[in-house]
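Enquirer: One structure, as structure tokens, below. Some questions next.
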Amino acid sequence: MLEQALTDLEGQPSFEIVRIYGLRALAFQAKGDEKKALASLRQALVLAEPENRAASFVREGPAMEKLLRSARAKSIAPAFIQRLLTTFDSRRKQKPAPAPVIEALIEPLSERELEVLQVLDDPLSTPEIAEQLVVSANTVRTHIKNIIYMENLCLKKLIPTMVGRCGIFPNWPSAVYKGKLIIH
């Protein structure tokens, strides 16, 4: 089937052919035929490298990453494979875990809101952040509003807990009723 697709794609844009060669390589890998898998992957890499078509490989996930590591060990397109593997690594980068107390008290930020929060530390304008995250500026503004709302909500819910732990009120926990600070 993939062979027929390659024949049908003759003269078409290279990204489609690269994808077919990549899928073909994964199919050979799944069958346990490493030699054919690497040969097909080599063809995909030769077509993709001049145009730096990383997405064709990265979208195929862990199986492609494993195949790329095998190809790197055989010195097939080492520079391009290194760039691809770096892309895989950056996509897997650990996101900071929210503080456990905060997570228990409020709904945690979404994955996208955490991405925006990380980028807010950089000196970028809203349009620059939007371009970096491949979203609209309005989407970035909405995420920022949500982050500010959640942070304010978090602070309001944390105050009674922080006050109790610091021993500010000697009759603690009687100063708290249903999670709210009661000042006499």
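Converting from the sequence shown to the working numbering requires adding 494 to each position, the first position being numbered 1. C-beta: ideal position from N, C-alpha, C; glycine also.
Check whether the Cβ atoms of residue 538 and residue 516 lie closer than 7 Å to each other.
Expert: Residue 538 sits at position 44 when you count from the first residue of the sequence shown. Residue 516 sits at position 22 when you count from the first residue of the sequence shown. The answer is yes: Cβ separation under 7 Å.
Enquirer: With H, G and I counted as helix, E and B as strand and the rest as coil, what does DSSP make of residue 629?
Expert: Position 135 of the sequence shown, counting from 1, holds the residue named residue 629. Coil.
Enquirer: Label residue 610 either buried or exposed according to how many other C-beta atoms from any shown protein chain fall within 10 Å of its C-beta, with 16 as the threshold for buried.
Expert: The sequence position of residue 610 within the sequence shown is 116, counting from 1. Its Cβ being crowded by 16 or more others within 10 Å, residue 610 is buried.
Enquirer: So residue 618 and residue 626 are supposed to be a Cβ contact under 8 Å. How far apart are they, rounded?
Expert: Looking up residue 618 in the sequence shown gives position 124. Looking up residue 626 in the sequence shown gives position 132. The Cβ separation is near 7 Å, so the contact holds.
Enquirer: If we ignore side chains and look at the alpha-carbon of each, how far apart do residue 632 and residue 568 end up?
Expert: Start at 1 with the first residue of the sequence shown, and residue 632 comes out as number 138. Start at 1 with the first residue of the sequence shown, and residue 568 comes out as number 74. Their backbone Cα atoms lie some 47 Å apart in a straight line.
Enquirer: So, helix, strand or coil for residue 635, using DSSP?
Expert: As a first step, residue 635 must be located in the sequence shown, where it is residue number 141. Looking at residue 635 - three-state DSSP - the assignment turns out to be helix.
Enquirer: Under a Cβ-count criterion, where at least 16 other Cβ atoms within 10 Å of its own Cβ denotes burial, should residue 559 be classed as buried or exposed?
Expert: Taking the first residue of the sequence shown as position 1, residue 559 is located at position 65. By the neighbour-count rule (16 or more Cβ atoms within 10 Å), residue 559 is buried.
Enquirer: Could you tell me which whole alpha helix (DSSP H) segments of length 4 or greater appear in the stretch 499–581?
Expert: Segments of the alpha helix (DSSP H) lying fully in the stretch 499–581: 508–525, 528–542, 549–552 and 556–567.
Enquirer: Quick check: residue 550 and residue 512, are their CB atoms within less than 7 Å of each other?
Expert: Residue mapping note: residue 550 aligns to position 56 of the sequence shown, counting from 1. Residue mapping note: residue 512 aligns to position 18 of the sequence shown, counting from 1. Yes, the Cβ-Cβ distance between residue 550 and residue 512 is below 7 Å.
Enquirer: To which residues of the same chain is residue 718 closer than 7 Å at the C-beta, ignoring the five residues directly before and after it?
Expert: Residue 718 is absent from the model: the chain starts at 495 and stops at 678.
Enquirer: Within this structure, are the beta carbons of residue 637 and residue 605 separated by less than 7 Å?
Expert: Working through the sequence shown from its first residue, we reach residue 637 at position 143. Working through the sequence shown from its first residue, we reach residue 605 at position 111. No; because the gap between Cβ atoms is not below 7 Å, this pair is not in contact.
Enquirer: Looking only at C-alpha atoms, which of 541, 522 and 614 sits nearest to residue 639?
Expert: Here residue 639 refers to the residue found at position 145 of the sequence shown. Among 541, 522 and 614, the Cα nearest to that of residue 639 belongs to 614.
Enquirer: Could you tell me the alpha carbon to alpha carbon distance between residue 578 and residue 548, rounded to whole angstroms?
Expert: Indexing the sequence shown from 1 puts residue 578 at position 84. Indexing the sequence shown from 1 puts residue 548 at position 54. Rounded to whole angstroms, residue 578 to residue 548 spans 6 Å at the Cα level.
Enquirer: Along the chain, where does the alpha helix (DSSP H) that runs through residue 586 open and close?
Expert: Looking up residue 586 in the sequence shown gives position 92. It is not in any alpha helix (DSSP H) - residue 586 carries neither H nor E in the DSSP assignment.
Enquirer: Comparing C-alpha positions only, which one of 586, 576, 603 and 561 sits nearest to residue 526?
Expert: As a position in the sequence shown, residue 526 is number 32, starting the count at 1. Here the closest residue by C-alpha is 561.
Enquirer: Given this structure, state the Cα-to-Cα distance separating residue 583 from residue 566, to the nearest angstrom.
Expert: In the sequence shown, residue 583 corresponds to position 89, counting from 1. In the sequence shown, residue 566 corresponds to position 72, counting from 1. Approximately 15 Å between the Cα atoms of the pair.
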